[in-house]
Each structure stands twice: as structure tokens, then as C-alpha cells.
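Heads up, the thing below is written out as C-alpha cells.
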Amino acid sequence: MKLLDVEIVENKMIANGIYLLSFESEYLAKAFKPGNFVNILIEKNSIYPLLRRPFSISFVKENKVFIGYKVVGIGTQILSQKKKGDTLNVLGPLGNSFLVERFDGKVAVVGGGVGIFPLLSLCHELKKVGNEVDVFLGFRSKSDLFFVDEFEKVADNLFISTDDGSIGFKGNTVEFFKTKVGEENYRVAFSCGPKPMLSAIKSLNLPFKCYVSLEEKMACGIGACLCCSIKGKEDNMLHVCSDGPVFDIMEVDI
Amino acid sequence: MLEVEISGVKFKNPIIAASGTFGFGREFSKLIDLNLFGGISTKGITLKKRTGNPQPRLCEVYGGIINSVGLENPGVEAFLNEELPFLRRFDTKIIANINGFSKEEFVELAKIVSPLVDMLEVNLSCPNVKEGGMVFGKDPDKVYEITKEVKKVSACPVIVKLTPNVTDITELAKAAEKAGADAISLINTISAMAIDIETRRPLIKMVTGGLSGPAIKPIAIRMVYECFQKVKIPIIGMGGIMSYKDAIEFFLAGATAIQIGTVNFVNPNAVSEIQKGIENYLKNHGFESVKDLIGNIII
Numbered sequence: 001m002k003l004l005d006v007e008i009v010e011n012k013m014i015a016n017g018i019y020l021l022s023f024e025s026e027y028l029a030k031a032f033k034p035g036n037f038v039n040i041l042i043e044k045n046s047i048y049p050l051l052r053r054p055f056s057i058s059f060v061k062e063n064k065v066f067i068g069y070k071v072v073g074i075g076t077q078i079l080s081q082k083k084k085g086d087t088l089n090v091l092g093p094l095g096n097s098f099l100v101e102r103f104d105g106k107v108a109v110v111g112g113g114v115g116i117f118p119l120l121s122l123c124h125e126l127k128k129v130g131n132e133v134d135v136f137l138g139f140r141s142k143s144d145l146f147f148v149d150e151f152e153k154v155a156d157n158l159f160i161s162t163d164d165g166s167i168g169f170k171g172n173t174v175e176f177f178k179t180k181v182g183e184e185n186y187r188v189a190f191s192c193g194p195k196p197m198l199s200a201i202k203s204l205n206l207p208f209k210c211y212v213s214l215e216e217k218m219a220c221g222i223g224a225c226l227c228c229s230i231k232g233k234e235d236n237m238l239h240v241c242s243d244g245p246v247f248d249i250m251e252v253d254i
Numbered sequence: 001m002l003e004v005e006i007s008g009v010k011f012k013n014p015i016i017a018a019s020g021t022f023g024f025g026r027e028f029s030k031l032i033d034l035n036l037f038g039g040i041s042t043k044g045i046t047l048k049k050r051t052g053n054p055q056p057r058l059c060e061v062y063g064g065i066i067n068s069v070g071l072e073n074p075g076v077e078a079f080l081n082e083e084l085p086f087l088r089r090f091d092t093k094i095i096a097n098i099n100g101f102s103k104e105e106f107v108e109l110a111k112i113v114s115p116l117v118d119m120l121e122v123n124l125s126c127p128n129v130k131e132g133g134m135v136f137g138k139d140p141d142k143v144y145e146i147t148k149e150v151k152k153v154s155a156c157p158v159i160v161k162l163t164p165n166v167t168d169i170t171e172l173a174k175a176a177e178k179a180g181a182d183a184i185s186l187i188n189t190i191s192a193m194a195i196d197i198e199t200r201r202p203l204i205k206m207v208t209g210g211l212s213g214p215a216i217k218p219i220a221i222r223m224v225y226e227c228f229q230k231v232k233i234p235i236i237g238m239g240g241i242m243s244y245k246d247a248i249e250f251f252l253a254g255a256t257a258i259q260i261g262t263v264n265f266v267n268p269n270a271v272s273e274i275q276k277g278i279e280n281y282l283k284n285h286g287f288e289s290v291k292d293l294i295g296n297i298i299i
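First to last, the protein sequences are chains G and W.
First residue of the first sequence: 1, per the UniProt record's numbering; consecutive thereafter.
First residue of the second sequence: 1, per the UniProt record's numbering; consecutive thereafter.
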């Protein structure tokens, strides 16, 4: 991990309130593994926003690092106004990463909303080592879709769900995933998305391993502040930033 | 130029990592040189391991952050076996921040820990626990009693960390001094609250938490200044220090050393920037030492 000043290459809206930011960093592009995140100082010497903001790395391309984000508060709002050539101070790569190996059977990747961001590079890596990958993506509505073309290129099967049914399957992506679990012989699943979605996946009691990437409010991103602690299954404390963000779903209290 | 002394303990510079913001140093050591710190005040330790408070534990407000970590820590045994040997590798003074839920627990911790560290910081000010902490720290009689008992058994100098959540912090400072404290540190976080107007729920699960960051600095400066008038023991000042300028203000108000906390999250290089800034300030203003600044405010 390093503290880096980087220059923004591009920062564009790719869907309703969803942005994709890229910057050049040979170090991060090389050190990055799917699941890692960075802690970005959005404004230097600012008192509001004060803290760095954590963002998962969506993917890297040559020396460019791509960060997808949704505008939800003051930090992301200011970030969305940044232009090509503006600098950002970035701390990373942080956290652990998804397990990437050749699995003896199909792999399921389940993403919801902004939880989809870290899953794109994961799919790339899973395919690189020869896996067959089914991807399940859940959005609110057709106008919220992003990364669909990119996932189409990499997934063996791509299943889109929307809450309002404006495209793909109407309803919850986990409900749809559940039907496929009965039909397919998955060996492992990876997921990232809102907590209720991850809880729903946990309650499926999948007959195979499932790894999830979690999110909590954090200050430092390196395990010092203990703000992002979550309970493990034995009432032990785990830290999303340093023990995670990727956990075995059965090992955490969600 | 930067060296300061507190009750015989020599700090090579007056910058100390504030408890609760720096873990046990291990995490930051991957990023910065811990030798840069004059001292490190460890994450608050208790006799037994504690899991702390439920999520969400953190929210950001204008000019600061509210946390309710609730003294999550691995307990004193793990501190001594796993964390302290690591910290001892660095050329920095180790201050163990201790927390009890009774006078007896403070005494027990002091007995176990004090022979192995440079100083104890008796935390009578944590706002995020139901027992002990700030509950003790608001009562001058309790501050006196606990400090006195801890002093009796402590093998190293004792700092008492005070809470700002009182009408008159100087009463607590005087109680600590009277009981034999070697120094006081102030301020701990200020009890605070924030509400999400969309969900109408508090942003912290425990409803209230402790506010830190630049928003609390003027309050901290005032309290250091007031305590400096009332006690003779050294004061370690903290609360919203983001730059060397803030640090200088604390020295002028009466602090002998400073602790930096929230800024570590924002700018891990703050320690070296503040150190260089203090040095330059001293040179530019014709002072020979940090000691020349302590309480050197012109009213």
C-alpha cells in the first residue's frame, strides 16, 4: 500500500447518478487484485468532507485504474465534479481480495447496485484461469443499468434483474439466483451488494462456498480506527478494511 | 529543539499519536515510520477483551467525525504478548491507555502494565461506554480516588485523560493533580449526535458518540488554556489538530506536548508535516525550543 497523488484521466457519468473515474497509476494497476479498494482524499485541507472515502477498484486497463461510484453524499458529489487533470490523493491498494482459482465446476457471481463494481475485474480473472462464470446482476430499473456490455463480454451467462421489471427478470436478483442454484452445479459463488441482499444469500444456505465483499463506514482503511468492525460467527470482531472486505459468508454476522 | 520532558520521560519531539486513532501502531507502520512520533498512546486497553459497540460506529459531520467504537480491544494479555513487543522495536515512548469499569480494574491494569511501558494514560473520559470512562471522569472525587490508587501501584508516570463533557474541566484537572497525577491529557471527544433526516434515525447506532476533528479545536484550546492557569503539572493537549499551526496554538495555550488523532485518518503523513512545521515556526520566530512556547500566549 502507498499514498499516491494521481491525476484524473476521465470522470464521466455512465448511468443515473453512477460515475466511472479513471486515473493513471502503474503501481496500483500492478499491485491490484480483484476485491481491493482504495481510500481517496477527495479534497485536500477540507473540513467537509473531512475523511477519505473508500471505493472498490472496478478494473484496471494497462496503467489505468477505474473506480465506479454512485453519488450518495457530499464526498461523492464533490468527486463527481472533478475533471480530467485534477489530482486526488489515493491510499491503496487496501484490503484482501477474492479467491481466484480454477474451480471444478461453474462459478456464480451475484451483484446488486453499486456492489457490482468490484465484480467486473473478478469475472475477468475468473475467466482468465478457465472458469465458466454465470453472472447475476440486480438493478432498480433499466435507467440504472451500467457495466452490462462489459459483463456480457466476460460472462458465460448474464442474468439481469430489475426491481420494476423494466428489463430482464422482474424482482430480486437473489430470488432468481435461487432458482438457478437448483438447476446448475455451482461450486462457488461471489457476491457484493446491499446488506439485505447479502443476508438473503446467506439465508439460502448454499451447498457451496460463498464469498462476499462487505462495506462499512470507515475512517482509516487500514485497521487502526476500528470503526468498520463486524461480528464474526464466534462473536469475534472482524474489520472490513483489514480482515476483508471479502469474507466467507458463513464466517460473518450479516 | 523539539525535545520535551514530562515527569522525567524524555520525548524526542512533542507529537504523540492519540489513543484510539492509531491501533497499536502496527497498521500505520506499513505506511509511515513510527520512529517519527515522540510517543504513541495505544488503543485503550481493558483487563478483558472487548468487542465494542454495534454498527454504525462512525459518521461524519461538518468539521469532524462522531465515533462510538466503545473500547474494542484484545485485552491486556494480548496487548502485552502481541502488541507491546512490536511497539518496543521503535524509538518512541509508549504510553499505555488503560480503561477500567471499577477502581479495582484500573489498579489491576496499572500493576500489570506500568512496569513495561514509559507512561500510563488513565482514561477517565471515554464517552462510549456505559460504565467507567466518562462516568468516572465527570466526578472530581472519582478522578481523585482512582488517580490516587493508580499512582500508588504504578511503576511509571501517570497521565490522567480528561473529558470535556463537564461544566468546569479545571475541577477535574485539579483533582488529578491533587491525587498525584504526573500530567493530564485533554480533551477526549465531545459527546455528540447526528440524525439522518430521511430515515429520521440517528447516524450512530448508540445514538450518541464522541466528536473529534477540527470542529472541537477551539474548545480544546480553551480548556488547555484554563487548565494551564489552574495546575502546575504538564498538559498534553489534543482535539482537532490538523496542522503545525494548530499544534502551536496548543503550546501557546499551555500544552507541553500534543496528541494527533483524527488527522492520521485523513493524512497519514501529518506527523512529519507537523514536526517540520513546528521546527520552522521556532526558527522563524527566534525560539530555541518548544519549551519556550508553552503557555507563551500574550493576553
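Glycine included, each C-beta is placed from N, C-alpha and C at the ideal position.
Note that this is a predicted model, so its numbers are computed, not measured.
- When Cβ pairs closer than 8 Å are counted between the two stretches, the segment 105-119 of chain W is seen to touch the segment 137-154 of chain W, the count reaching three or more.
- Assignment of alpha helix (DSSP H) within the segment 63-108 of chain G, counting only whole runs of 4 or more residues, yields 74-80 in chain order.
- Contacts with chain W at 8 Å (Cβ-Cβ) include M1 of chain G.
- Ranked by how close their Cα comes to the Cα of N188 of chain W, the residues W:I195, W:V9, W:G240 and W:A181 have W:G240 in first place.
- Of G:G244, G:H239, G:E251 and G:V252, the smallest CA-CA separation from N73 of chain W is found for G:H239.
- For T162 of chain G, the enclosing beta strand (DSSP E) stretches over residues N157 to T162.
- Judged by their CB atoms, I8 of chain G and F146 of chain G are not nearer to each other than the 8 Å cut-off.
- Among the residues of the segment 216-240 of chain G, those with a Cβ less than 9 Å away from any Cβ of chain W are E216, K217, M218, A219, C220, G221, I222, G223, A224, C225, L226, C227, C228, S229, I230, K231, D235, N236 and M237, in the order of the chain.
- Taking a 10 Å sphere around the C-beta of T199 of chain W, we find fewer than 16 other C-beta atoms and assign the residue as exposed.
- Shown here, S272 of chain W sits in a helix according to DSSP, grouped into three states.
- Rounded to whole angstroms, G168 of chain G and G115 of chain G show a C-alpha spacing of 18 Å.
- For the set W:K178, W:Y144, W:Q229 and W:V61, the Cα lying nearest the Cα of Y48 of chain G is the one of W:V61.
- In the DSSP annotation of this structure, the continuous segment of the beta strand (DSSP E) that includes S41 of chain W starts and ends at G39 to S41.
- With contacts defined by Cβ atoms closer than 8 Å, G132 of chain W and N99 of chain W form a contacting pair.
- Here Y281 of chain W has Y244 and I248 as same chain residues with Cβ atoms under 7 Å from its own Cβ, once five neighbours each way along the sequence are excluded.
- In the DSSP annotation of this structure, the continuous segment of the alpha helix (DSSP H) that includes G133 of chain W starts and ends at G133 to G137.
- Under the DSSP definition of a beta bridge, S22 of chain G partners with G:E10 and G:F66.
- Within the segment 43-56 of chain G, the residues whose Cβ lies closer than 7 Å to some Cβ of chain W are I47, Y48, P49, L50, L51 and R52, listed in chain order.
- Note on the segment 193-254 of chain W: whole alpha helix (DSSP H) runs with a minimum of 4 residues are 217-230 and 244-253, in chain order.
- Assigned with DSSP and collapsed to three states, V266 of chain W falls in helix.
- In the structure shown, Y27 of chain G adopts helical secondary structure according to DSSP, grouped into three states.
- In its chain, beyond the 5 residues on either side, V224, F250, A255 and I258 have a beta carbon closer than 6 Å to the beta carbon of G237 of chain W.
- Residues of chain W with a Cβ closer than 8 Å to the Cβ of S242 of chain G are, in chain order, E27.
- In terms of Cβ geometry, K64 of chain G and G17 of chain G do not form a close pair [threshold 8 Å].
- The segment 101-110 of chain G and the segment 39-46 of chain G do not touch, with fewer than 3 CB-CB distances between them shorter than 8 Å.
- Against chain G, the beta carbon of Q55 of chain W has neighbours under 7 Å at E216 and I230, listed in chain order.
- Legend: CB atoms of the segment 262-278 of chain W lying less than 9 Å from CB atoms of chain G belong to residues T262, N264, F265, V266, N267, P268 and N269.
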